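Novice: Heads up: the protein sequence lines correspond to chains A and B, in order. Here the first sequence is numbered in my numbering, starting from 8 and rising by one per residue. Here the second sequence is numbered in my numbering, starting from 29 and rising by one per residue.
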Amino acid sequence: MVRKILVRCFIGIILILLYLPIVWMIVFSFTDTPSFSNWNGFTFQNYIDLFTGQSSNASRINEAIVNTLFVGVFTSLLSTILGTLGAIGLHAIHNKRVKAAYMVSNQIPMINSEIVTAISLALLFNLVASTISISDGTWLETAIKLILAHTTFCTPYVLLNVLPRLQKSDNKIYEAALDLGCTPAKAMFKVVLPDIMPGIVVGAILAFTLSIDDFVITKVNVTSFETLSTMLYGLKSGKHPLPADIKSLFSIIFFIVFAGVMIMYRPKNQAKSKK
Amino acid sequence: MRNTFRKMLATPYALFMALFVILPIVLIAVYAFIDSDGALTLLGNFKELAKEKSLDNVIKNSVIAGLSTSAICLVIGYPIAYYLTKKEFNRTGVMIGLFLVPMWVNFLLRMMSTKAVFGVLGIPLGMGTVIYGLCYEFLPFMIMPIYTTLLKIDKMYLEGAEDLGATPIKAFWKVTVPLSIPGVISGLTMVIIPSITTFAVSEILSDNKIKLLGDFIYNLKAYNLNMASAISLVLMVLLAISMIITNKVSDDEAGGGIW
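(1) With distances taken Cα to Cα, identify the nearest neighbour of A/L122 among A/F222, A/S231 and A/A251.
(2) Under a three-way DSSP split, which group does A/F49 fall into?
(3) Name the chain A residues that come within less than 9 Å of B/F61, Cβ to Cβ?
(4) Here's a check: name, in chain order, each residue in its chain whose Cβ is nearer than 6 Å to the Cβ of A/R104, leaving out the five neighbours to either side.
(5) Answer yes or no: does any C-beta atom of chain B fall closer than 8 Å to that of A/I21?
(6) Within 10 Å of its beta-carbon, does A/I224 have 16 or more other beta-carbons around it, so buried, or fewer, so exposed?
(7) Just the chain D side, please: which residues come within less than 7 Å of B/N31 by C-beta, in chain order?
(8) Looking at the structure shown, is B/T69 part of a helix, part of a strand, or coil, going by DSSP?
(9) Which of the residues in the segment 193-226 of chain A, read from start to end, lie with their CB under 7 Å from any CB of chain B?
(10) Cβ of B/S208 less than 8 Å from any chain A Cβ?
(11) Between the Cα of A/V209 and the Cα atoms of A/F232, A/P163 and A/L27, which residue gives the shortest distance?
(12) In terms of alpha-carbon separation, which member of B/S230, B/D65, B/N252 and B/Y59 lies closest to B/I92?
(13) For A/Q114, which residues in the same chain have their Cβ closer than 8 Å to its Cβ, ignoring the five residues on either side in sequence?
(14) Name the residue from B/K249, B/F146 and B/A78 whose alpha carbon lies nearest to the alpha carbon of A/P28.
(15) Of all the options B/A268, B/N275 and B/I56, which has the alpha carbon lying nearest to the alpha carbon of A/L134?
(16) Whose C-alpha, out of A/F132, A/P201 and A/S218, is nearest the C-alpha of A/I292?
(17) Is the shortest distance between the beta-carbon of B/W287 and the beta-carbons of chain A less than 8 Å?
(18) Tell me which residues share the same chain as B/T157 and place their Cβ nearer than 7 Å to its Cβ, disregarding the 5 neighbours each side in the sequence.
(19) Quick one: residues in its chain with C-beta nearer than 6 Å to the C-beta of B/W287, no 5 flanking neighbours on either side, listed in chain order?
(20) Any beta-carbon of chain B closer than 8 Å to the one on A/F262?
(21) State buried or exposed for B/R138, treating a residue as buried only when at least 16 other CB atoms are found within 10 Å of its CB.
(22) Does any residue of chain B have a CB that is nearer than 8 Å to the CB of A/T138?
(23) What do you get for A/W46, buried or exposed, if any count of 16 or more other CB atoms within 10 angstroms of its CB means buried?
(24) Does the count of Cβ pairs from the segment 219-227 of chain B and the segment 85-105 of chain B closer than 8 Å reach three?
(25) Rounded to a whole number of angstroms, what is the C-alpha to C-alpha distance between B/T103 and A/V199?
(26) In whole angstroms, what separates the C-alpha of B/F135 from that of B/T32?
(27) Check whether chain A comes within 8 Å of B/Y185, counting only Cβ atoms and requiring the distance to be less than that.
(28) Helix, strand or coil: how does DSSP classify A/T38 here?
(29) So is A/T82 in contact with chain B if we call contact Cβ pairs under 8 Å?
(30) Within 8 Å of any Cβ in chain A, is that where the Cβ of B/K35 sits?
(31) In this structure, how does DSSP classify B/I272 when only helix, strand and coil are distinguished?
(32) Is the CB-CB distance between A/G206 and A/N178 below 8 Å?
(33) Quick check: is the beta carbon of A/L76 nearer than 8 Å to any beta carbon in chain B?
(34) Which residues in the same chain as B/L68 place their Cβ atom closer than 7 Å to its Cβ, once the five residues preceding and following it in sequence are excluded?
Structure below.
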């Protein structure tokens, strides 16, 4: 009994430590002061300002949100397509060496230090820029560059979420579809894709969250293009830790994420071992 | 023959990975051995690195921070992973979700908020607070691989050990711990190298006083890509060695891939 209470306390203390900074931020998003220590009365003003565009950083916040979502959505789309196709192809390959080569290259972006991946991509982009002399970078060019960079580290996670689904599904159903006169492409859409759809959806969500959360690769590879992460980094140099409106913005994001993850983990004991 | 169509589907993926994963790594290896004018220099960049006075301190800080972070994460993370595999502490599986949620909150934000909390509590910023921040950031990466390895352990082994007269404590040390080693090693590799190469955490939580390898490489990138490549190459070689060791252990222990 004592042991049980001690264990509960231990887990509880660690959870409190993990959530303390987040709760702290949420609490101080409800007071009209940019600092983290002076309580200046309860107010919804920060949230109202945020939604009416009255906040002190309104245009900067809006731009960062648009940039982050644009890159996140297209990264998720591209890496889901590439990762799913890769998983289907890899599943059909039986040559052990080829398979191992695929798996190793898939692991590289997952285990390499983010900063090393970032530098390696910077070298690639430099090389491309010097050979086909692209202009200084319009908004769209920068966004595409960032989408490609993000897709690099998101695709492996999609592949690893789809592959187990394929391994569990019965190959014979695809074979049967072919025997019954389906073209391979039709069999793919009618039989294989519906079967592995849960894996694809989880992979797509994971890719999206990885992309919107990325800081290192974004910071190293693009300059005049702000995402939510790089905006936060830009704000840290100020005297106060975080402007009030930013606190309310990220409090909202936290509640969305919290609800999402709790829904994901409720139904089954072992949803997916990810990341 | 019927597989040809499906194998073909991997082509876009293979091309993308070749272009954005393999080629950039080859570029790092090339840039590490040429100088900024493009002339071949076998060890030039490494010698330049050795001359950097700040690097000694950076390496010293990184080793201290990396080792303490992984040790603390292991000491805290192992018991949590262990007890979360027990039904009495984690009935619906939602507890493991609770440990993962903070990962989805932007880490810069968590670090800034942590800094604010330290400020209110009057704790001076320094190595201690940097290590705290790194542990905060990487604890889930230690818990998850250990948790998944522990879940896979067949309960029969434990029952067998107890039937043969082992006390629960002895069974834990003789059965559970050895069988969970692949998870521990996987967790360590996911904490040590990433923790010393993150950038911005030490900057925020030490007011720029302490620099880790990640900050060093980031600053280097601005003026000398060749030196940044050289140090990246060293890091990749270290990582490759640790991966080879991990794979060996996993093969021996029949644990296999964790993630």
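The beta carbon of each residue, even a glycine, is placed where N, CA and C say it ideally should be. Here the structure is a predicted model, which means the values were calculated and not measured.
Specialist: Taking the definition as stated:
(1) Translated into the one-based positions of the first sequence, residue 122 of chain A becomes position 115. Reading off the sequence, residue 122 of chain A comes out as Ile, not Leu. Comparing Cα-Cα distances from A/I122 to each of A/F222, A/S231 and A/A251, the minimum goes to A/F222.
(2) On the first sequence, residue 49 of chain A is found 42 positions in, with the first residue counted as 1. Three-state DSSP puts A/F49 in a strand.
(3) As a working note, residue 61 of chain B is residue 33 in the second sequence. Those do not exist, as B/F61 stays about 13 Å from chain A at its closest Cβ, beyond 9 Å.
(4) In the first sequence, residue 104 of chain A corresponds to position 97, counting from 1. If we look at A/R104 and ignore the five residues flanking it on each side, it has no Cβ neighbours.
(5) What you label residue 21 of chain A is simply residue 14 of the first sequence in a count that begins at 1. By this cut-off, A/I21 is an interface position.
(6) Taking the first residue of the first sequence as 1, we reach residue 224 of chain A at position 217. That one is buried.
(7) Note that chain D does not occur in the displayed structure, where the protein chains are A and B.
(8) On the second sequence, position 41 is the one that residue 69 of chain B refers to. Of the three classes helix, strand and coil, the one that applies to B/T69 here is coil, per DSSP.
(9) T216, D220, F222 and V223
(10) Taking the first residue of the second sequence as position 1, residue 208 of chain B is located at position 180. Not an interface residue.
(11) The count along the first sequence starts at 1 and reaches residue 209 of chain A at position 202. Checked all of A/F232, A/P163 and A/L27; the closest Cα to A/V209 is A/P163.
(12) Position 64 of the second sequence, counted from the first residue, corresponds to residue 92 of chain B. It is B/S230 whose Cα lies nearest to the Cα of B/I92.
(13) Taking the first sequence and counting its residues from 1, one reaches residue 114 of chain A at position 107. Hits under 8 Å: P163.
(14) Position 21 of the first sequence, counted from the first residue, corresponds to residue 28 of chain A. Ranking B/K249, B/F146 and B/A78 by Cα distance to A/P28 puts B/F146 first.
(15) The count along the first sequence starts at 1 and reaches residue 134 of chain A at position 127. Closest by alpha carbon: B/I56.
(16) Since the first and last residues shown for chain A are 8 and 282, residue 292 of chain A lies out of range.
(17) Numbered from its first residue, the second sequence carries residue 287 of chain B at position 259. Because B/W287 sits at a pLDDT of 37, beneath the cut-off of 50, its placement in the model cannot be relied upon, and the following sentence gives the value as read from the coordinates. So, interface residue.
(18) Locating residue 157 of chain B in the second sequence gives position 129, counting from the first residue. Cβ within range, chain order: F146, I151, L233 and S234.
(19) Working through the second sequence from its first residue, we reach residue 287 of chain B at position 259. Caution applies to B/W287, whose pLDDT of 37 falls short of 50 and renders its modelled position unreliable; the value that the coordinates give is listed next. No residues qualify anywhere along the chain.
(20) Along the first sequence, one-based indexing puts residue 262 of chain A at 255. So, not an interface residue.
(21) Locating residue 138 of chain B in the second sequence gives position 110, counting from the first residue. Buried, since its Cβ has 16 or more Cβ neighbours within 10 Å.
(22) Residue numbering aside, residue 138 of chain A sits at position 131 when the first sequence is read from its first letter. It does not: the Cβ of A/T138 has no partner Cβ on chain B nearer than 8 Å.
(23) What you label residue 46 of chain A is simply residue 39 of the first sequence in a count that begins at 1. It is exposed - the Cβ of A/W46 has fewer than 16 other Cβ atoms within 10 Å.
(24) yes
(25) Position 75 of the second sequence, counting from 1, holds the residue named residue 103 of chain B. Position 192 of the first sequence, counting from 1, holds the residue named residue 199 of chain A. In the sequence as presented, Thr is not what sits at residue 103 of chain B; that position holds Val. Roughly 44 Å separates the two Cα atoms.
(26) The residue you call residue 135 of chain B lines up with position 107 of the second sequence. The residue you call residue 32 of chain B lines up with position 4 of the second sequence. For B/F135 and B/T32, the distance between alpha carbons rounds to 44 Å.
(27) As a first step, residue 185 of chain B is located in the second sequence; it is residue number 157 there, counting from the start. Not an interface residue.
(28) As a working mapping, residue 38 of chain A is identified with position 31 in the first sequence. Three-state DSSP puts A/T38 in a strand.
(29) Residue mapping note: residue 82 of chain A aligns to position 75 of the first sequence, counting from 1. Closer than 8 Å: no.
(30) As a working mapping, residue 35 of chain B is identified with position 7 in the second sequence. Yes, its Cβ sits closer than 8 Å to a Cβ of chain A.
(31) Here residue 272 of chain B corresponds to residue number 244 of the second sequence, with the count starting at 1. Helix at B/I272.
(32) Residue 206 of chain A sits at position 199 when you count from the first residue of the first sequence. Residue 178 of chain A sits at position 171 when you count from the first residue of the first sequence. No, the pair does not count as a contact, with Cβ atoms beyond the cut-off.
(33) The count along the first sequence starts at 1 and reaches residue 76 of chain A at position 69. Not an interface residue.
(34) If you number the second sequence from 1, residue 68 of chain B lands on position 40. Here the set comprises F61 and I62.
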